[in-house]
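As structure tokens, the structure follows; a few thoughts come after it.
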Amino acid sequence: MEYVILDGEILNRKEAKIDIEDRGYQFGDGVYEVIRVYNGTMFTRNEHLHRLIESAEKIGMKLPYTLEEMGQQLEELVEQNKLRLGTVYLQFTRGVSPRGHAFPSSNVPLTYVAYTRTVPRPASDMETGVKTITNEDIRWLRCDIKSLNLLGNLLAKQKAKEAGCFEAIGYRDDIVTEGSLSNISIVKNGKVITHPANHFILNGITRQQVLQLCHNNGIPFEEKTFTLHDLFQADEIFLTGTTVEVMPIVEVDGKAVGAGKPGSTTKRLQQLFKQEIINQCGGLE
Ligand SMILES: Cc1ncc(COP(=O)(O)O)c(C=O)c1O
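Residues 3 to 287 in this note's numbering are what the sequence shown lists, from first letter to last.
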């Protein structure tokens, strides 16, 4: 039996129904998170829940639960679903109300949904590296908010898929921003460079973990913008994200990156990240 959370209650999936006038369904008016589960334990759970609370505040939504309450409920869900390796998805929308752009009154309860999925680690892609395309970033100017409105991301990912690629690397004017579901870093002369955490990107939890690993292990890094030219001149490029972990990029727009295979800094960060998962979750599977 598979369980989900609806408005703070754990239910059988079949019993969980959402109203057609839910603002998440009608407008994408809400926020979400995806948390990785390894060895039955949520990885960086509090960091994700903290970002969820922040995303909600940025769109004028006050979540009805504390971080600790949500953490506990999600742990129960993981346990009831006997999830070992996968993801927890959770979202809050601005509730159910007759369709209208302005917010409903503040006593309309938010709709809260969470569920789990079994998802393997992307082991073979992490070993070989993936191909990518570049793509103009046409999204709105608050990409720091993990909003349910993902059309710009979906169009980018679909374009990558149609090109036989794993991810689309976004750029605005000449500046590389992020992927459709991941952050991007380049390595030049041994230094990791990634876009600063501002309104143009989501400040990925994996990105933050990787920068912390760089800091702790003496790997030079800098949060600064870089151009498409820098991207094509990079020695190495990698993606970071909850589902992609540290993913080497070996091709951009049909051109090989560096030697055309995962580079040494990327591989080192993959190892360090793997160790961090084991430290925090007690295992990888
Ligand atoms: C647009 C975008 N950027 C970056 C990320 C990576 O964030 P995180 O490492 O927190 O998963 C995601 C993850 O879903 C994303 O959707």
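We treat Cβ as the ideally placed atom computed from N, Cα and C, and that holds for glycine. The structure presented is a predicted model; accordingly, all values stated were derived computationally and were not measured.
- When secondary structure is reduced to three states using DSSP, Met249 falls in the strand class.
- Secondary structure note for Ile195: its beta strand (DSSP E) is the uninterrupted segment Lys193 to Thr196.
- For Ile188, the closest of Glu253, Arg144, Asn219 and Asp175 by C-alpha to C-alpha distance is Glu253.
- By the Cβ-count criterion, Gly172 is buried, with 16 or more other Cβ atoms from all chains shown falling within 10 Å of its own Cβ.
- CA-to-CA, the gap between Glu224 and Tyr5 works out to about 43 Å.
- Within its own chain, the residues whose Cβ lies closer than 6 Å to the Cβ of Ile239, once the five positions on either side in sequence are excluded, are Ile188, Ile251 and Val259, listed in chain order.
- Inter-residue distance for Phe45 and Thr136 is about 30 Å (C-alpha atoms, whole angstroms).
- A direct Cα-to-Cα measurement between Ala170 and Leu153 gives close to 14 Å.
- In terms of CA proximity to Phe234, Lys190 leads the group Lys190, Val80, Gln273 and Ser182.
- Taking the Cβ of Ile147 as the reference point, every heavy atom of ligand 1 lies at 7 Å or farther away.
- Thr208 carries a helical assignment under DSSP once its states are collapsed to helix, strand and coil.
- The closest CA to that of Pro111, considering only Arg25, Gln75 and Val80, is found on Arg25.
- Beyond the five residues adjoining it in sequence on each side, Arg86 comes within less than 7 Å, by CB distance, of Asn41, Gly42 and Glu287 in the same chain, given in chain order.
- Taking Pro222 as the centre and dropping the five residues before and after it, the same chain places the C-beta of Gly192, Lys193, Val194 and Cys216 closer than 8 Å to its C-beta, in chain order.
- For the region 25 to 102, the full-length beta strand (DSSP E) segments reaching 3 residues or more read 32 to 40 and 88 to 95 along the chain.
- In this structure, the alpha-carbon of Glu78 lies about 24 Å from that of Lys148.
- The beta carbon of Pro124 sits closer than 8 Å to the beta carbons of Thr245, Val246, Glu247 and Met249 from its chain, once the five residues preceding and following it are set aside; these are given in chain order.
- In terms of side-chain proximity, the C-beta atom of Thr120 is found no nearer than 7 Å to any non-hydrogen atom of ligand 1.
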